[in-house]
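Going by the numbering used here, the first residue of the sequence shown is number 2, and it counts up by one from there. Think of the CB as a built atom: it goes at the ideal place given N, C-alpha and C, for glycine as much as any other residue. Following: one structure in structure tokens, then a few remarks.
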Amino acid sequence: MSTVVFWSPVNGRGTSSHLILSALMITLTHHVRVLSMHMHRAGDSIEAALPVREDSMDHMTSIFATTGWDALLRLYLSGSLTRDKFRDYTVPLSRQLDLLPGARMQNGIDVNEEYAKYMPSVLKTASEVYDLVMLDAGNRDRMERDMLKDADVVVINLDQNLRVLENYFGDTELKKDLENKKVIMTVGHYDTDSHCSINNMKRRFNYKHPVIGVPYCTEFKDAWNRRDVPSYLQQNMNLDKKNGQRGEHASSIRELAKCIMENAGLRTILKQLERGA
């Protein structure tokens, strides 16, 4: 199992959208078991891309009392969390992709502190169940940034704002944190006509790791607002660049998914599928 942590030094750079899109793409195109999770409250982060169940509030409360971070943590603290029970506390998004919903709001409890304290143990158990665990570690916060230490692969989410890039590449402490990690960079809302192109970025900052531009896509944005991202990707996943904006967007997500699998040590699965095995 490999842990893939998505993180950004600033808000609004596509951390959550890149995670859920790549997780869906991987599980739609490969025989890989994936857990998607995050360090936010229930309903936020990657959950904002997913349909809301048409149930009463009382029923929803009942569902999330037996699934998600809170229920899983109760089991862990009781000493009863095992690999055989882990999936019972997740929500299946497809046959191969599960979601661990975030913590519900509770008075007097610091959710971030809970995540920071117990996440390593939860990840350890998840590693016995899934081929990939994909975690949205948020942005900026020191506790969230500490999650990078537990990652096998780190996906850094940036954009073409030169000030943001200069701050990121000038962060010597972060450079040490990532020194021995496999790192993938995404550039959200990527504009191929901008002078701040991927090639120019790599030259300017002498950067050697993979960089993937994910262009803006109006239909994807609408799907996010409708909470219908899984259906959007299923309809568009095989489009290529000649199909315009949707095709360019789908191509970039396929590239990101492949790059994640290669860096996570799942190259054997990729080769088998390429040979038609």
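**OP:** For the alpha helix (DSSP H) containing G69, list its first residue and its last residue.
**Re:** G69 to L78
**OP:** With DSSP as the reference, please indicate the residues paired to S39 in a beta bridge.
**Re:** The question names Ser, yet the displayed sequence has His at residue 39. Bridge partners of H39: D137.
Subject >> Paired residues, beta bridge with I185 - DSSP >> reply: V156
Original post:
Among V6, S3 and P10, which residue has its Cα nearest to the Cα of L175?
Top reply: P10
Original post:
Do you know how far the Cα of N264 is from the Cα of T173?
Top reply: 23 Å
Original post:
Excluding sequence positions up to five away, which residues of its chain have a Cβ less than 7 Å from the Cβ of S122?
Top reply: Y77.
Original post:
Which first and last residues belong to the alpha helix (DSSP H) in which D1 is found?
Top reply: Residue coverage of the chain in this structure runs from 2 to 278, which leaves residue 1 outside it and unanswerable.
Original post:
Thinking just about the alpha-carbon of each residue, which of Q161, I185, V212 and K177 is nearest to the one in H196?
Top reply: If you compare the alpha carbons of Q161, I185, V212 and K177 with that of H196, the shortest gap goes to Q161.
Original post:
Helix, strand or coil for L100 per DSSP?
Top reply: DSSP, reduced to helix, strand and coil, places L100 within a strand of the structure shown.
**OP:** Would you mind sorting V53 into buried or exposed? The rule is 16 or more other CB atoms within 10 Å of its CB.
**Re:** exposed
Subject >> D153 versus D85, L124, F170 and Y169, residue with shortest Cα-Cα distance >> reply: L124
Original post:
Count the other CB atoms within 10 Å of the CB of D194; is the residue buried (16 or more) or exposed (fewer)?
Top reply: Exposed.
Original post:
To the nearest angstrom, how far is it from the Cα of G214 to the Cα of L136?
Top reply: 20 Å
Original post:
So, using beta-carbon positions, are V184 and V230 closer together than 8 Å?
Top reply: no
**OP:** Assign S81 to one of two classes, buried (16 or more other C-beta atoms within 10 Å of its C-beta) or exposed (fewer than that).
**Re:** exposed
Subject >> Where the alpha helix (DSSP H) through I21 begins and ends >> reply: Element bounds for I21: T16 to T30.
Original post:
Does the distance from the CB of I21 to the CB of A50 come in under 8 Å?
Top reply: Yes, the pair counts as a contact, with Cβ atoms nearer than the cut-off.
Original post:
Does DSSP put S46 in a helix, a strand or coil?
Top reply: helix
**OP:** Look at the Cβ atom of A138, then the Cβ atom of V6, and state whether they are nearer than 8 Å.
**Re:** yes
Original post:
Which first and last residues belong to the alpha helix (DSSP H) in which S280 is found?
Top reply: Not covered by the structure: residue 280. The range shown for the chain is 2 to 278.
**OP:** Look at the Cβ atom of S37, then the Cβ atom of G103, and state whether they are nearer than 8 Å.
**Re:** By the CB criterion at 8 Å, S37 and G103 fall outside the cutoff.
Subject >> Own chain partners of N12 with C-beta closer than 7 Å, once the 5 adjacent residues on each side are dropped >> reply: So the list reads N140, once near-sequence residues are dropped.
Original post:
Rounded to the nearest angstrom, how far is the Cβ of D71 from that of R42, given a contact under 8 Å?
Top reply: D71 to R42, Cβ: 11 Å. No contact.
Subject >> Euclidean distance between Cα positions of R31 and L100 >> reply: In the sequence as presented, Arg is not what sits at residue 31; that position holds His. Spanning the two alpha carbons is a distance of roughly 18 Å.
Original post:
Taking C-alpha atoms, which residue in A117, L74, V165 and G69 lies nearest to R14?
Top reply: V165
**OP:** Let me know the secondary structure DSSP gives T4 once reduced to three states.
**Re:** strand
Subject >> S81 in three-state terms, based on DSSP >> reply: coil
**OP:** Determine the direct distance from the alpha carbon of K150 to that of Y116, and round the result to whole angstroms.
**Re:** 14 Å
**OP:** On a CA-only basis, which of K118, Y119, L98 and F206 is nearest S23? Give me that one, please.
**Re:** Closest option to S23, judged by alpha-carbon separation, among K118, Y119, L98 and F206: L98.
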